[in-house]
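A.B. asks:
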Amino acid sequence: MGRRLFAGRRRDAAVKRLWPRSLARQMALLVALALLVAQAINFGLQLSASQRQRTTQTTAVAIARLAEAVARSESAASVELAPRLETKVNPINPEMTRRDDVAQRARQALADLGLSARQVIAAEAMGREFRYVRDPASGALRRIEGPKSNALILTAQVGDTRWVTAIAQFPRQDYGVVLWLLFQTMLLYGFIVLPVVWFVWRLSRPLRKLRAAVEGFTSSAPAPPVVEEGPGDIRRLIAAFNSMRARLVAMLDEKDRMLGAIGHDLRTPLASLRVRTELVEDEAERDRMAATIDEMNRTLDDILSLARLGRPSEEPSRVDLPGLVDSVVDDFHDLGVDVTAEESDRLAVTMRPTLVRRAVRNLIENAVKYGGAVRVRVKPEENGAVVEIDDDGPGIPPEDIERMFEPFTRAENSRSRETGGAGLGLALARAIATGHDGRLTLENRAEGGLRARLWLPCQGQAFAAAA
361 MGRRLFAGRR
371 RDAAVKRLWP
381 RSLARQMALL
391 VALALLVAQA
401 INFGLQLSAS
411 QRQRTTQTTA
421 VAIARLAEAV
431 ARSESAASVE
441 LAPRLETKVN
451 PINPEMTRRD
461 DVAQRARQAL
471 ADLGLSARQV
481 IAAEAMGREF
491 RYVRDPASGA
501 LRRIEGPKSN
511 ALILTAQVGD
521 TRWVTAIAQF
531 PRQDYGVVLW
541 LLFQTMLLYG
551 FIVLPVVWFV
561 WRLSRPLRKL
571 RAAVEGFTSS
581 APAPPVVEEG
591 PGDIRRLIAA
601 FNSMRARLVA
611 MLDEKDRMLG
621 AIGHDLRTPL
631 ASLRVRTELV
641 EDEAERDRMA
651 ATIDEMNRTL
661 DDILSLARLG
671 RPSEEPSRVD
681 LPGLVDSVVD
691 DFHDLGVDVT
701 AEESDRLAVT
711 MRPTLVRRAV
721 RNLIENAVKY
731 GGAVRVRVKP
741 EENGAVVEID
751 DDGPGIPPED
761 IERMFEPFTR
771 AENSRSRETG
781 GAGLGLALAR
791 AIATGHDGRL
801 TLENRAEGGL
811 RARLWLPCQG
821 QAFAAAA
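Numbering (this note's numbering), first residue to last: 361 to 827.
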């Protein structure tokens, strides 16, 4: 039972793989299959009609020959003529196919001509390796070996031991009918399938444009409105998409304006508080207040950056990724942080450098806070480049790794509030990677610690190695 189910699933999977996916190809295939079935039925009907015609002609010839032989047998006056017309043995054997309908027609034909026969037997000798012929000298019937021959044999008993036999060969199959049907099929495919394919292709063109617009729609570069064309239902679908696109663009514009206003309204009081901290006489308290305000500013920057990632103002450019990572590592060196970067060849990647720089900085900051010493390397991988950041920290439980990418999420068992941060660094870094058609993953290393892997595609361009 299980094997049958598995085999059935495999067949279904094979059919799905072979079945065309586009509308034009599906319509063309359906029309082609319909024509093929129609032509197969037509082919069968034509062959059946041709077979009936051949049988009718052969039957008429055999009956005419039998009637002539019976008439000559009845009028034979001399003993010398009888052996030429008659046999003493019924030439039809059990291996032949009896044709009682032909025998009935032959009896009726003999009766209409006033000829008598005790019994009439008809049979088809299909594919037999013998045939009956009359000897040129004596005129008697003889069975001789020969090539395979399809024949209709009619024999009539005209005496106690006398049989008169007539043989009519079936005409050969007319293959001209087959060739004509094949030619007709090709004409039908040319005059029907090709126009249908062209018509369906034109019909699906608006759908292809709509699909391209949907796939190309991004918050940073919304696709232009799609021209409304095609049948009425497709026009209405395109109109609905254009309306939805306009609403989405308006919502994104409103979001940007709102974020700008929020950022301005929040930064102004934070700046005022930062100035007022200078009036605090207690230096330790003043430093704590200033650090808190700076943390609030960084959190605000992270929130606004995460919200605006969908519509970045920076244009992509071709940048050497190892050089960009080295510059970020140098910034940490200036702060006295233990971060080392392995040397690597130049790898040119199309990116928005400011955003990628921020993602790398967030990942290194995360590793420094919770992992101590940090090691960074850049290497080519899978038609792209990957930045690996290793630390020696306690790592993250496997079940919590994906949750760490959610905004405002922290793993409290390995991180404490004293380390600072609002839990937006990883969410922002993954959003930046996704915006570049890349990916960001976390994995616990076998030797201990955590590894962050930021992979960025090369977008089909080869790596630019330094000369």
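Here a beta-carbon is modelled for each residue, glycine too, at the ideal position from N, C-alpha and C.
Assuming contact is defined by CB atoms lying nearer than 9 Å, are Thr545 and Leu426 in contact in what I supplied?
C.D. replies: Cβ atoms of Thr545 and Leu426: not closer than 9 Å.
A.B. asks: Going by DSSP, what residues sit across from Lys739 in a beta bridge?
C.D. replies: Partner(s): Val746.
A.B. asks: Report the CB separation of Ala727 from Asp691 in whole angstroms; it is logged as a contact under 8 Å.
C.D. replies: At roughly 14 Å, the Cβ-Cβ gap does not stay under 8 Å, so Ala727 and Asp691 are not in contact.
A.B. asks: For Gly753, which of Ser476, Asp613 and Gly731 has the nearest alpha-carbon?
C.D. replies: Among Ser476, Asp613 and Gly731, the Cα nearest to that of Gly753 belongs to Gly731.
A.B. asks: Which same chain residues, not among the five before or five after Pro713, have their C-beta less than 7 Å away from its C-beta?
C.D. replies: Same-chain partners within the cutoff: Ser677, Val679 and Leu684.
A.B. asks: For Leu715, count neighbouring Cβ atoms within 10 angstroms of its own Cβ and tell me buried if that reaches 16, exposed if not.
C.D. replies: Answer is buried; the Cβ neighbour count reaches 16.
A.B. asks: Could you check what DSSP says for Ser774 in three-state terms: helix, strand or coil?
C.D. replies: Confidence at Ser774 is low in this model, with a pLDDT of 42, below 50, so its placement is unreliable and the value that follows should be read with caution. Reduced to three states, the DSSP call for Ser774 is coil.
A.B. asks: Cβ of Leu570 within 9 Å of Cβ of Val586?
C.D. replies: Going by C-beta atoms, Leu570 is nearer than 9 Å to Val586.
A.B. asks: To the nearest angstrom, how far is it from the Cα of Ala822 to the Cα of Arg634?
C.D. replies: Per-residue confidence for Ala822 stands at a pLDDT of 37, beneath the threshold of 50, marking its modelled position as unreliable; the derived number appears in the next sentence. Spanning the two alpha carbons is a distance of roughly 49 Å.
A.B. asks: Bridge partners for Trp815 per DSSP, in chain order?
C.D. replies: DSSP output for Trp815 lists Val746 and Arg799 as bridge partner(s).
A.B. asks: Based on the DSSP secondary-structure assignment, which residues constitute the bridge partners of Ile527?
C.D. replies: Ile513, per the DSSP bridge assignment.
A.B. asks: Nearest by alpha-carbon distance to Asn657: which of Ser632, Glu588 and Glu428 is it?
C.D. replies: Measuring from the Cα of Asn657, the nearest candidate turns out to be Ser632.
A.B. asks: Rounded to a whole number of angstroms, what is the C-alpha to C-alpha distance between Gly744 and Ala599?
C.D. replies: The alpha-carbon atoms of Gly744 and Ala599 are separated by roughly 39 Å.
A.B. asks: Taking the Cβ atom as the reference point for each residue, do Ala477 and Gln413 lie within a distance shorter than 9 Å?
C.D. replies: In this structure, Gln413 does not lie closer than 9 Å to Ala477 by Cβ.
A.B. asks: Considering only the alpha carbon of each residue, which of Glu675, Ala572 and Ile423 lies closest to Leu473?
C.D. replies: If we check each option's Cα against that of Leu473, Ile423 comes out closest.
A.B. asks: Does the contact criterion of 3 or more C-beta pairs under 8 Å hold for the region 545-554 versus the region 384-397?
C.D. replies: Touching, yes.
A.B. asks: Would Glu762 be called buried (16 or more neighbouring beta carbons within 10 Å of its own) or exposed?
C.D. replies: Exposed, since its Cβ has fewer than 16 Cβ neighbours within 10 Å.
A.B. asks: Span of the alpha helix (DSSP H) holding Ala572?
C.D. replies: Taken as a continuous stretch (DSSP letters only), the alpha helix (DSSP H) holding Ala572 covers Leu554 to Glu575.
A.B. asks: Beta carbon of Leu802, beta carbon of Ala812: below 9 Å?
C.D. replies: A contact, by the Cβ cut-off of 9 Å.
A.B. asks: Can you tell which of Asp686, Leu512 and Trp815 has the C-alpha that lies nearest to the C-alpha of Phe530?
C.D. replies: Comparing Cα positions, the closest option is Leu512.
A.B. asks: In terms of residues, what are the limits of the alpha helix (DSSP H) holding Asp690?
C.D. replies: Asp690 -> alpha helix (DSSP H) spans Leu681 to Asp694.
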